[in-house]
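**Student:** Numbering (our numbering), first residue to last: 215 to 498. Below: one structure in C-alpha cells.
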Ligand code: PAF
C-alpha cells in the first residue's frame, strides 16, 4: 500500500494508474476504521483495479461544539487495517494540505440537506459535499463507495454527482451491524456499557417497523409510531426523529413503498446516533 499525504503526490501516483487504463475506486473515510469501512473496501475491490482510501477528518462538516477535536484519530492502526484489507493507496492529508488554497468556496447543499441531519446539524452537509467534491476532483475516481448508514449523505452525494456532472458511479454499500443489531459507527467508541445497551433501541425500533411492513402495513405514520414507541420505551434514549421518507429527496411519505426509507436519529447519553432501513430490502 502506498501512503501519500499530498495532493500532488496522489495525482502523480494515480496519473500512472490512469495511463495504464486502470479503473480507480475511492472510499472516502474520516478514519477510525471499522468493519463498515472495510466492507466498502471489499466492494471497491470488486468494482475497480485500484482502491484509494481517503482518511481525513474534515473540519468543515463539524459545527462549533461538535466532536471535531475528540473525533477518534488512530492513523497507525487505520493504516495497518487498510493495508491488511487490500487498499492500494491511502491518502491521508493534513487540514493545511486539503485547504491550502483557502476554504471559503463551498458547495450549497440545497433543500434535501435542510431536513433531518441537516436540520440537526446546520452546515454539516455543506462541509461534507465540499470535501467530497474536492476528493472527487483530486482522485477522479471511476467509482466512489459510500455506506448506507449515512443515508442522507448518500442521497446528497447522488445529487452532487448528477447535478455537477461528475463522471462517477456511486456504489452504496449496506450497513454493517454488530451481531446484536447495532450499526457500526466510529462514534460507537463514545458509548459506555449502559449507553451501548440503550443504543440497541435504534436497530430494534427499525426492526419493529420492518416487521409491521412485512406484515403488510403501508401507512407511514403507523410504521413511524411503531419505531417511536420502541425508542420512547428505552431509558437513556432521547429521540431526535423517526422519518419515513422517499429515497430521492428524503421527503416524508404518507404511504411506504419498496425503496422508501425509515431513518432514525437519537441521542444516547451524550452521543448522537443515526440508523436507517430501506424498505423492501432484506434486514434492518
Ligand atoms: O462519511 C464520512 O465519513 C464523511 O462524511 C466523508 C464522506 C468521508 C466526508 O468527510
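Using N, Cα and C, we set each Cβ at its ideal position, and we do this for glycine too. These numbers come from a predicted model, not from an experiment.
With DSSP as the reference, label residue 215 as helix, strand or coil.
**Tutor:** In the chain shown, residue 215 corresponds to position 1, counting from 1. In the structure shown, residue 215 sits in coil (DSSP, three-state: anything other than H, G, I, E or B).
**Student:** Given this structure, state the Cα-to-Cα distance separating residue 465 from residue 234, to the nearest angstrom.
**Tutor:** Along the chain shown, one-based indexing puts residue 465 at 251. Along the chain shown, one-based indexing puts residue 234 at 20. For residue 465 and residue 234, the distance between alpha carbons rounds to 43 Å.
**Student:** Within a Cβ cutoff of 6 Å, which residues of the same chain sit near residue 315, ignoring the five residues on either side of it in sequence?
**Tutor:** Taking the first residue of the chain shown as position 1, residue 315 is located at position 101. Cβ within range, chain order: n/a, list empty.
**Student:** Can you list every residue whose CB sits closer than 6 Å to some heavy atom of ligand 1, going in chain order?
**Tutor:** 242, 243, 244, 272, 275, 342, 345, 346, 364, 367
**Student:** Within its chain, find whatever has a CB closer than 6 Å to the CB of residue 258; leave out the 5 residues flanking it on each side and keep chain order.
**Tutor:** Along the chain shown, one-based indexing puts residue 258 at 44. Closer than 6 Å at Cβ, skipping near neighbours: 239, 241, 265, 359.
**Student:** Can you tell which of 304, 271, 383, 291 has the C-alpha that lies nearest to the C-alpha of residue 338?
**Tutor:** One-based indexing of the chain shown puts residue 338 at position 124. Measuring from the Cα of residue 338, the nearest candidate turns out to be 271.
**Student:** Please list the terminal residues of the continuous alpha helix (DSSP H) segment that includes residue 332.
**Tutor:** For the purposes of this step, residue 332 is taken as the residue at position 118 of the chain shown. Start and end: 331-334.
**Student:** Starting from residue 360, trace the beta strand (DSSP E) in both directions and tell me its first and last residue.
**Tutor:** Here residue 360 corresponds to residue number 146 of the chain shown, with the count starting at 1. 357-361 is the extent of the beta strand (DSSP E) around residue 360.
**Student:** Helix, strand or coil: which one does DSSP assign to residue 340?
**Tutor:** Sequence index remark: in the chain shown, residue 340 carries index 126 (1-based). The answer is helix: DSSP assigns residue 340 an H, G or I state.
**Student:** Measuring straight from C-alpha to C-alpha, what distance separates residue 458 and residue 439?
**Tutor:** Counted from its first residue, the chain shown places residue 458 at position 244. Counted from its first residue, the chain shown places residue 439 at position 225. About 10 Å.
**Student:** Looking at the structure shown, is residue 490 part of a helix, part of a strand, or coil, going by DSSP?
**Tutor:** Working through the chain shown from its first residue, we reach residue 490 at position 276. Strand.
**Student:** The alpha helix (DSSP H) with residue 376 in it runs from where to where?
**Tutor:** Here residue 376 refers to the residue found at position 162 of the chain shown. It spans 365-377 - the alpha helix (DSSP H) in which residue 376 sits, taken as one unbroken run.
**Student:** Please check the pair residue 254 and residue 305, which I expect to be a contact at CB under 8 Å, by giving their CB distance rounded to whole angstroms.
**Tutor:** Working through the chain shown from its first residue, we reach residue 254 at position 40. Working through the chain shown from its first residue, we reach residue 305 at position 91. Their Cβ separation, rounded to whole angstroms, is 15 Å, which puts residue 254 and residue 305 out of contact at 8 Å.
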